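Per the working numbering: the sequence shown = residues 43 to 392.
Even glycine gets a Cβ: it sits at the ideal position worked out from N, Cα and C.
All of these numbers come straight from a predicted model, not from anything done at the bench.
Accompanying notes for the structure given below.
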Amino acid sequence: MQLKKILITFVDNFLILDYLEKEFKALGIEVDIYATNNSGHWLHRYVFKKINKLAKSLGLISKDADLFEWSQFSFEKYREYEFADRIQQFKPDLILCIHGHKFGETVLKKTHIPKIGWWVEPNPNIETLIRYARLFDLYLSYDSEIVEMLNNLHIRSEYQSHVASSSDFYPIPEMTKDIDVLFYGSWSPWREEVLFAAYQATSNIALFGSDWIKKCTLFSHKELKSILWGREIVSAQLNEVISRSKVVLAAQRLNKATTGLDTRAFDVLASGALLLTDAPKDLFRHFKDREDLLVYKDSDEVPGLIKAVLKGQIEAAQIKGAGREKVMQGLTYQVLCQKISNEYSHGFNK
């Protein structure tokens, strides 16, 4: 049984959808993408949403409540309708739901089309996650502890990390290394703590991300303005800036909230750069400290590690080469899409 058509859902048009679509198409598989948050009837967009916002600001309803959930044009009911319509029109062989948010329960219960889920976010509502995982023939998670929990409940689950797009992230050897430290990602308290520690080692930092100006507390406005290069950077531009950087600093959005590892490790290492990162447990399923990348446990370790790299006290070239090799050996979207195709063709080994 060969996979010919796949419908992929996620909350928004994140690049993960582009990477999956490209690699599935390279395998000769037709792809349809449904970004669920982009759905919504005009009644919700221009009427229901505004009334809900006013009611919440006045404290009349809770933040997650919807006064119009009874309506067929409410956000949840209408996107479920659109999801069902996509399935009917496209007639996929397989549905891949990338999770992190509640979506599609009613439709997924009714359809007999094979289904794979993939959890990719920290801090899930465990009760909701378990309920949704039961809807799928196979449930993947980037967090090994979630996998263990689901398997103990006799829900078929497998560990699946984030992966890299090898056609988007690759070394650019001729690029001048004129940035000491690169950090990209939206603001969080833990990320600010780590970045502020890095600032004690060097002020030659390039920062990209949202909410830094609005929420920063450790940096002065002048300091932050001197290192903040932009709100967002992706794809070719990101790969170029990574190649210009002597160190790429990473910090999970929530400190020690998950055993799973976010996308940055895979993208940065595929680019052939030196990664300095914190260490959720699953990082060590793939990489070794001082062999493939550099790991810090606490923010106070960061300045010393950065200074050691800048002074040439750490063999950066060897570490960068080993890290990239690990990613290219099997941690790519090409490998992931082939795995999903194989799972479908073997009937999920039931």
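Buried or exposed for residue i, going by 16 or more other Cβ atoms inside 10 Å?
i    : result
T301 : buried
V276 : exposed
A107 : exposed
A175 : buried
D324 : buried
Q376 : buried
I140 : buried
N94  : buried
F326 : exposed
R366 : buried
W254 : buried
L237 : buried
K298 : exposed
T259 : exposed
P372 : The question names Pro, but residue 372 is Gly in the sequence shown. When all chains shown are included, G372 counts as exposed.
R306 : buried
A293 : buried
H328 : buried
Just the C-alpha distance for residue i and residue j, rounded to the nearest angstrom, thanks.
i    : j    : result
Y88  : K353 : 57 Å
S313 : L49  : 29 Å
D127 : R121 : 10 Å
N167 : I188 : 11 Å
A315 : S341 : 21 Å
M191 : Y181 : 12 Å
D309 : L62  : 15 Å
L150 : L177 : 7 Å
H263 : F110 : 42 Å
L136 : V290 : 37 Å
W160 : F145 : 13 Å
P322 : R198 : 24 Å
Q114 : K46  : 33 Å
S285 : P134 : 39 Å
L266 : I129 : 47 Å
H388 : I75  : 24 Å
R295 : R332 : 23 Å
D185 : T170 : 16 Å
V162 : S183 : 6 Å
F56  : Q380 : 21 Å
Y226 : D320 : 14 Å
G82  : I356 : 52 Å
T78  : F52  : 6 Å
L378 : K256 : 37 Å
K288 : V351 : 8 Å
A97  : S116 : 16 Å
Pull the bridge partners of residue i from the DSSP assignment, please.
i    : result
T374 : A206
G363 : In the DSSP output, where bridge partners are listed per residue, G363 has none listed.
S199 : Y181
I247 : V223
L138 : I50 and I158
A292 : T319
Y61  : Its beta-bridge partners do not exist; DSSP assigns none.
L260 : Looking at the DSSP assignment, L260 forms no beta bridge with any residue, so it has no partner.
L270 : L249
S287 : I221
DSSP state of residue i, grouped into three classes?
i    : result
G70  : coil
W161 : strand
D342 : helix
Y241 : helix
C379 : helix
V236 : helix
L150 : helix
W112 : coil
I214 : coil
V276 : coil
T51  : strand
S313 : coil
W254 : helix
D331 : strand
S318 : The residue asked about is misnamed: residue 318 is Leu in this sequence, not Ser. DSSP places L318 in strand when its eight states are reduced to three.
K349 : helix
W84  : helix
I356 : coil
A77  : strand
S99  : helix
L336 : strand
S228 : coil
S104 : coil
N94  : helix
Quick one: does the C-beta of residue i sit closer than 7 Å to a heavy atom of the ligand ADP?
i    : result
E200 : With respect to the ligand ADP, the structure shown offers nothing to examine, as it has no ligands at all.
Query raised in the report: Is the region 341-353 touching the region 237-245 in the sense that three or more CB pairs, one from each, lie closer than 8 Å?
Result: yes
Query raised in the report: Okay, do the region 228-237 and the region 278-290 touch, 3+ Cβ pairs below 8 Å being the bar?
Result: no
Query raised in the report: If you pair each beta-carbon of the region 264-272 with each one of the region 191-209, do three or more pairs fall below 8 Å?
Result: no
Report task. Give a yes or no on contact between the region 356-363 and the region 153-166, applying the rule of three or more CB pairs nearer than 8 Å. Result -> no
Report task. Mind the definition here: the region 243-252 touches the region 212-230 only if three or more C-beta pairs lie below 8 Å; say whether that holds. Result -> yes
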